[in-house]
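The structure under discussion appears below in the form of structure tokens.
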Amino acid sequence: MAGCMHDGKWYPEGGSNNNPCMPCHCYQGRMVCAIVDCFFTPCVDSVRDPTKCCPICPNGPNCRAPDGTVIPANGTVRLDADTTCKCDSHGALGFMSMNAAVCSKTAHLLALPPAPATQ
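Under our numbering, the residue at position 95 of the sequence shown is numbered 95, and the numbers go up by one with no gaps.
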């Protein structure tokens, strides 16, 4: 009877396991396996799905502002009168700069009184 033994379990020829992180199938009497590599997760609110190896982002790509606010990819939020944060999906450091929003403060210019006239 053709098949494969893998992790203490018998698989018929062509059979496969149900491990999402290391899928294997029986081929010519040997188990052929692949290892799934989970790349950077593009969100701060990822969840684990038992049917998948890597975390998923149910709310899509996003990042977090310093105050904890979750900002969608390419979105902008104003934290206060002076601070704006953006979730840049094409940041210089890679996708969303490792899930951190980029924040900047608004510069306030002070109006100076006119210089006294010279005679």
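A virtual CB, placed ideally from N, CA and C, is assigned to each residue, including glycine.
Just how far apart, CA to CA, sit residue i and residue j?
i    : j    : result
H25  : P55  : 23 Å
V70  : S89  : 14 Å
G94  : S104 : Residue placement at G94 is flagged as unreliable, the pLDDT there being 49, under the threshold of 50; the coordinate-derived value follows with that caveat. Approximately 19 Å, taken between the alpha carbons.
D41  : G60  : The question names Asp, but residue 41 in the sequence shown is Thr. Spanning the two alpha carbons is a distance of roughly 10 Å.
C4   : C33  : 12 Å
G15  : A73  : 41 Å
M98  : N62  : 10 Å
C87  : P113 : 39 Å
H6   : P58  : 34 Å
T83  : G75  : 14 Å
C38  : R64  : 21 Å
P12  : C43  : 40 Å
A2   : W10  : 10 Å
A81  : D45  : 27 Å
D153 : Q28  : One cannot answer for residue 153 here, as it falls past the ends of the chain, which runs 1 to 119.
The beta strand (DSSP E) spanning residue i covers which residue range?
i   : result
R48 : R48 -> no beta strand (DSSP E), and no H or E assigned at all.
T83 : T83 to K86
M31 : R30 to C33
G3  : G3 to H6
P12 : K9 to P12
C26 : C24 to Y27
On the DSSP bridge assignment, give the partners of residue i in chain order.
i    : result
I71  : C63
S89  : S89 is not bridged to any residue.
C121 : Because the chain is modelled from 1 through 119, residue 121 falls outside the range shown and cannot be assessed.
V77  : C85
Meets three-Cβ-pair contact criterion under 8 Å: the region 15–32 and the region 49–63: Yes: at least three Cβ pairs fall under 8 Å.
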